[in-house]
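In UniProt numbering, the protein residues as written are 1 to 162.
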């Protein structure tokens with residue numbers, strides 16, 4: 001494992017280790033609202049291979065996670081349709097934090113406080129490696145995206161806005 005800067009364990013990395021998932025660690029200087037694009041720029045990564053973890057909720061305020069390319073937005077209408085829900089909208093930051101246990105900007109789909117259904121943009125699964133938040137601001141882990149399916153039961157959807 002490459003160690004740029006040692007990062008103490010997060011619930012996400014504990015979860016990955018527990019399930020014997022190989023990952024690489026990538027740290028960068030977190031910038032408010034810089035998002036995945038800023039991480040990709042600092043780390044010299046393909047912005048399409050840096051993915052973001054979004055906590056959303058359905059019409060009953062039940063939380064769900066969407067993993068999307070960092071340089072794309074989610075069509076909540078298409079997501080609701082493909083997920084068989086009436087409505088999907090982003091959670092407010094404090095609500096997202098309560099569900100995930102992570103600070104906004106440091107949300108990982110792994111090791112969340114609540115178990116939530118996970119949806120992943122289908123194209124993300126075609127990458128050999130994606131870079132996803134490791135449970136802390138300014139910290140990404142490089143993993144095989146199929147781990148999302150095998151460990152979290154993520155269901156592929158096509159919901160990226162063009």
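Idealized CB from N, CA, C, for every residue including glycine.
Query	Result
Under the three-state DSSP convention, the category residue 90 falls into	strand
Bridge partner(s) assigned by DSSP for residue 133	140
Residues near residue 82 in its chain [Cβ-Cβ closer than 6 angstroms; skip 5 each side]	157
Cα-Cα separation, residue 106 to residue 160	21 angstroms
Within 7 angstroms, strictly: CB atoms of residue 45 and residue 116	no
Rounded separation between residue 33 and residue 150 - CA only	30 angstroms
Alpha-carbon spacing of residue 121 relative to residue 112, whole angstroms	19 angstroms
Cβ neighbour criterion (16 or more within 10 Å) applied to residue 40	buried
Beta-carbon separation (whole angstroms), residue 13 vs residue 133, contact threshold 8 angstroms	Actually they are not in contact, since the Cβ atoms of residue 13 and residue 133 sit about 11 angstroms apart, beyond 8 angstroms.
Rounded Cβ spacing between residue 135 and residue 102 (contact assumed at less than 8 angstroms)	6 angstroms
Inter-residue spacing [alpha-carbon to alpha-carbon] between residue 138 and residue 23	16 angstroms
Paired residues, beta bridge with residue 24 - DSSP	142
Residues of its chain near residue 100, where Cβ-Cβ distance is below 7 angstroms and the 5 sequence neighbours each way are ignored	55, 107, 112, 113
Given residue 51 as reference, the closest of 27, 129, 90 once Cα atoms are compared	129
Own chain residues within Cβ distance below 6 angstroms of residue 28, not counting five before or after	39, 42, 43, 138
Buried or exposed by the 16-neighbour rule on C-beta atoms within 10 Å, applied to residue 84	exposed
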